[in-house]
Amino acid sequence: MLGYPCMNHTLRERDPPLRCNRDMRKATFAERGLPYASELALQNVEDLHEILAWNADHGIRFYRCTSTLVPWNSQFDLTDLPDYEAIRAVAERCGELIEREGMRLTFHPDYWCRLASDSADTRANSVEAVEYHADWLDLIGLDRSPYYGINVHIGATYGDKAATAERFRDAVDTLSPGARARLTVENDDKESLWSVPELVDALSGTGVPVLFDYHHHAFTDRGLTYREAFDLATETWGDVRPATHYSESARLHGADARPQAHAEFPGRVPTWLRERSDVMIEADGKEQAVFGVRDNY
DNA sequence: TCATGTCAAGCGCTG
DNA sequence: CAGCGCTTGACATGA
Numbered sequence: 142m143l144g145y146p147c148m149n150h151t152l153r154e155r156d157p158p159l160r161c162n163r164d165m166r167k168a169t170f171a172e173r174g175l176p177y178a179s180e181l182a183l184q185n186v187e188d189l190h191e192i193l194a195w196n197a198d199h200g201i202r203f204y205r206c207t208s209t210l211v212p213w214n215s216q217f218d219l220t221d222l223p224d225y226e227a228i229r230a231v232a233e234r235c236g237e238l239i240e241r242e243g244m245r246l247t248f249h250p251d252y253w254c255r256l257a258s259d260s261a262d263t264r265a266n267s268v269e270a271v272e273y274h275a276d277w278l279d280l281i282g283l284d285r286s287p288y289y290g291i292n293v294h295i296g297a298t299y300g301d302k303a304a305t306a307e308r309f310r311d312a313v314d315t316l317s318p319g320a321r322a323r324l325t326v327e328n329d330d331k332e333s334l335w336s337v338p339e340l341v342d343a344l345s346g347t348g349v350p351v352l353f354d355y356h357h358h359a360f361t362d363r364g365l366t367y368r369e370a371f372d373l374a375t376e377t378w379g380d381v382r383p384a385t386h387y388s389e390s391a392r393l394h395g396a397d398a399r400p401q402a403h404a405e406f407p408g409r410v411p412t413w414l415r416e417r418s419d420v421m422i423e424a425d426g427k428e429q430a431v432f433g434v435r436d437n438y
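If you're matching positions, the first sequence starts at 142 in our numbering and goes up one per residue.
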């Protein structure tokens, strides 16, 4: 399966727009509080259902939802929301659609989610973030499996990789069963950070799978080919079909961009990657980029 | 309605 | 050493 993250450009441009990333600023949350958070969450979940339905109609069965599905969820429990029952009902319909259509849904908490941080506050916020993503997956009614994953980066070294790996494993141990069972960890896009072999080593014994990002591997290859790194990561998934990320550098497409920047429309996903994993196409072209890649076969 | 500046949260790195 | 970029856009204000 091929998929795309977050926004669907086609549906975003409708009037009214369909999107599941309605958010608000701190001052607005302070002013309007739970009722407005509830209203936004309900609209977001309703639109998530429409996006999933559109995806199914267009043969796209893999989707990553944004982390603003329930805005400000770090500040309350889902059950505190005035519209909780309505939200739950729509979430269940999303789950039924996903089951019926054989779809795959994942999440990717924001950049500040740093489970191995050397700051206890940052670690606590990060654990909390993984937990509320797990609450959403429970609400939708999806299995507690990395198949419906919550994907994070370690994303830093704090000057000591061994100590960072240990803090990461400790954080994993503090997660609830539902959060822990869904966690996946992706290789970073900076030479100094976490490569596939380093993650495999750091996570050995935890059961947490390594999510292989093809483009990022170029920055942390450690002498391994793409296929070697993918094979290494795939072993960590056990019986679960791996999820992977694919993108191409914008530079390959002539842009004067930093090497890490994504091309708007990547060309062709390697056949071996498509055959052996579900591939999230990370590109500004979003759903159109999936169509473009599909047309190249 | 639209343009513009700003926005909760962490990091490493660049200019 | 400030600001950028990530997995990236949207909110809020004022004309």
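Backbone N, C-alpha and C fix where the C-beta goes; we use that ideal spot for every residue, glycine too.
Just so you know, these numbers come straight off a predicted model, no measurement behind them.
What is the rounded straight-line gap between the Cα of residue i and the Cα of residue j?
{"i": "T361", "j": "V420", "result": "20 angstroms"}
{"i": "E307", "j": "W335", "result": "14 angstroms"}
{"i": "V271", "j": "L210", "result": "13 angstroms"}
{"i": "L256", "j": "Y273", "result": "14 angstroms"}
{"i": "L183", "j": "P158", "result": "15 angstroms"}
{"i": "T385", "j": "T377", "result": "13 angstroms"}
{"i": "M475", "j": "F203", "result": "The shown model of the chain, from 142 to 438, leaves out residue 475, and the question about it has no answer."}
{"i": "A343", "j": "I201", "result": "33 angstroms"}
{"i": "H150", "j": "V293", "result": "25 angstroms"}
{"i": "F371", "j": "P223", "result": "45 angstroms"}
{"i": "I291", "j": "W413", "result": "24 angstroms"}
{"i": "R448", "j": "M148", "result": "What is shown of the chain runs 142 to 438, which leaves residue 448 out entirely."}
{"i": "W253", "j": "D314", "result": "20 angstroms"}
{"i": "A194", "j": "E187", "result": "11 angstroms"}
{"i": "P338", "j": "R160", "result": "37 angstroms"}
{"i": "L152", "j": "A303", "result": "45 angstroms"}
{"i": "S208", "j": "E327", "result": "17 angstroms"}
{"i": "L219", "j": "E269", "result": "13 angstroms"}
{"i": "G144", "j": "E428", "result": "8 angstroms"}
{"i": "I192", "j": "S258", "result": "35 angstroms"}
{"i": "R363", "j": "T347", "result": "23 angstroms"}
{"i": "P411", "j": "E369", "result": "14 angstroms"}
Would you kindly report the start and end of the unbroken alpha helix (DSSP H) that includes residue i?
{"i": "N196", "result": "K167 to D198"}
{"i": "A430", "result": "K427 to D436"}
{"i": "H150", "result": "H150 to R153"}
{"i": "E389", "result": "Looking at the DSSP string, E389 is not in any alpha helix (DSSP H), and its letter there is neither H nor E."}
{"i": "R415", "result": "T412 to R417"}
In chain order, what residues of the same chain lie with their CB nearer than 6 angstroms to the CB of residue i, ignoring the 5 residues before and after it?
{"i": "L181", "result": "R163 and P212"}
{"i": "R234", "result": "H190"}
{"i": "E423", "result": "H386, S388 and H403"}
{"i": "H394", "result": "A404"}
{"i": "T305", "result": "A257, T298 and Y299"}
Within the continuous beta strand (DSSP E) that includes residue i, where are the two ends?
{"i": "G144", "result": "L143 to P146"}
{"i": "I291", "result": "I291 to H294"}
For residue i, which residues from the same chain have a beta carbon less than 8 angstroms from its beta carbon, with the 5 sequence-adjacent residues on both sides left out?
{"i": "S317", "result": "E272 and A275"}
{"i": "F217", "result": "L175 and A178"}
{"i": "M165", "result": "R173, Y177, A178, L181, P212 and W213"}
{"i": "A227", "result": "L183"}
{"i": "L352", "result": "G290, N292, T325, V326, E327, N328, A374, P383, A384, T385 and H386"}
Excluding five sequence neighbours on each side, which residues of the same chain lie with their C-beta closer than 7 angstroms to the C-beta of residue i?
{"i": "G433", "result": "F406 and G426"}
{"i": "G236", "result": "I281, G282 and L283"}
{"i": "A391", "result": "A398, A402, H403 and A404"}
{"i": "E242", "result": "A197 and R202"}
{"i": "G296", "result": "R255, D329 and L334"}
{"i": "G319", "result": "A275, D279 and R285"}
To the nearest whole angstrom, what separates the beta carbons of residue i and residue j, a pair I think is in contact under 8 angstroms?
{"i": "F170", "j": "R205", "result": "In fact, because the Cβ distance is near 25 angstroms, the residues do not count as touching under 8 angstroms."}
{"i": "Y289", "j": "L324", "result": "That belief does not hold up - the Cβ atoms of Y289 and L324 are roughly 11 angstroms apart, past 8 angstroms."}
{"i": "H358", "j": "Y367", "result": "6 angstroms"}
{"i": "P287", "j": "V381", "result": "5 angstroms"}
{"i": "S345", "j": "N266", "result": "The pair is not a contact, with the Cβ atoms about 27 angstroms apart (cut-off 8 angstroms)."}
{"i": "A312", "j": "R264", "result": "6 angstroms"}
Is residue i near the ligand MN, in the sense that its beta carbon is under 7 angstroms from a heavy atom of that ligand?
{"i": "L373", "result": "In terms of ligand content, the structure shown is empty, and the ligand MN therefore cannot be addressed."}
Legend entry - 4-residue-minimum alpha helix (DSSP H) runs that sit fully inside the stretch 297-381, ordered along the chain: 302-315, 318-321, 337-344, 355-358 and 367-376
Original post:
Residue ranges of each beta strand (DSSP E) run of no fewer than 3 residues wholly in the stretch 207-277, ordered along the chain?
Top reply: 245-248
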